[in-house]
Amino acid sequence: MLSADSLSQIDEIVSRYPQAKAALLPALWVAQEAYGGHLTREAQAEVADHLGLPRAEVEGVATYYTMYNKEAVGRHHVEVCHNVSCMIFGADDLIHHMEHELGISAGETTADGVFTLNRAECLGACCNPVAIQVGGTYYEDVRTTAQVDAILGKLRTDASDITPQAAIGRLGDI
Ligand code: FES
13 MLSADSLSQI DEIVSRYPQA KAALLPALWV AQEAYGGHLT REAQAEVADH
63 LGLPRAEVEG VATYYTMYNK EAVGRHHVEV CHNVSCMIFG ADDLIHHMEH
113 ELGISAGETT ADGVFTLNRA ECLGACCNPV AIQVGGTYYE DVRTTAQVDA
163 ILGKLRTDAS DITPQAAIGR LGDI
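All you need for this note's numbering is the position in the sequence shown, starting with 1, plus 12.
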């Protein structure tokens, strides 16, 4: 169940818009974070009821956008863009390296629940390929397996439950 704090965050977001419906996307973000990075059907229903929207409409929005995780993900959800710009700059090689390092295939979660690895469509950072998103943190200009190892190494020592959606990271921050 969404906590009073989460509902309060949603109410604050709603207050910025003329209609509650306009706040649906950020409200779903709040719910997804509150549920540990997984937008469950229960969470979708809670948001729908709180905003006074039909549950089917909210479910339609939640299932349309890939940024909402309908399945449980690991503590660190690593998404590597494999669209044109990133593909040209070696995204496939980096994904294969990650698969080897994590012992999983793209689309899977490690047995310890720490990492989920996914291929992503364009992350909107085409001018700085390869782009990798981990929760709300972006890493851009990732070109080498050594850089990938640095990112994974940082995440392995990160004990936080979930990467905050508000965080903005660059490779230089590692
Ligand atoms: S193609 Fe990778 S960010 Fe756009």
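The C-beta atom is built at its ideal place from N, Cα and C for all residues, glycine as well.
Just so we're clear, the structure is a prediction, and the values are computed from it rather than from any experiment.
query: In the DSSP output, what is Val126 paired with across the bridge?; result: Beta-bridge pairing links Val126 to no other residue.
query: Please enumerate, following chain order, all residues with a beta carbon closer than 5 angstroms to at least one heavy atom belonging to the ligand FES.; result: Cys93, Asn95, Ser97, Cys98, Cys134, Leu135, Ala137, Cys138, Ala143
query: Would you call the stretch 108-126 in contact with the stretch 145-152, where contact means no fewer than 3 C-beta pairs closer than 8 angstroms?; result: no
query: Under the three-state reduction of DSSP, which class applies to Ala178: helix, strand or coil?; result: Legend: pLDDT at Ala178 = 40, less than 50; position of this residue unreliable, value from coordinates given subsequently. Coil at Ala178, not helix or strand.
query: Taking the Cβ atom as the reference point for each residue, do Tyr76 and Leu40 lie within a distance shorter than 7 angstroms?; result: no
query: How long is the line joining the alpha carbons of Ile180 and Gln21, rounded to whole angstroms?; result: With a pLDDT of only 46 at Ile180, under the threshold of 50, the placement of this residue in the model should not be trusted; the figure read from the coordinates follows. Looking at the two C-alpha atoms, the distance is approximately 20 angstroms.
query: Distance check for Ile163 and Ile100, CA to CA, integer angstroms please.; result: 21 angstroms
query: Could you check where the alpha helix (DSSP H) with Tyr187 kicks off and where it finishes?; result: Look at the range of the chain in this structure, 13 to 186, and you will see that residue 187 is not part of it.
query: Using a 10 Å radius around the Cβ and a threshold of 16 neighbouring Cβ atoms, would you call Val42 buried or exposed?; result: buried
query: Quick check on His62: does DSSP put it in helix, strand or coil?; result: helix
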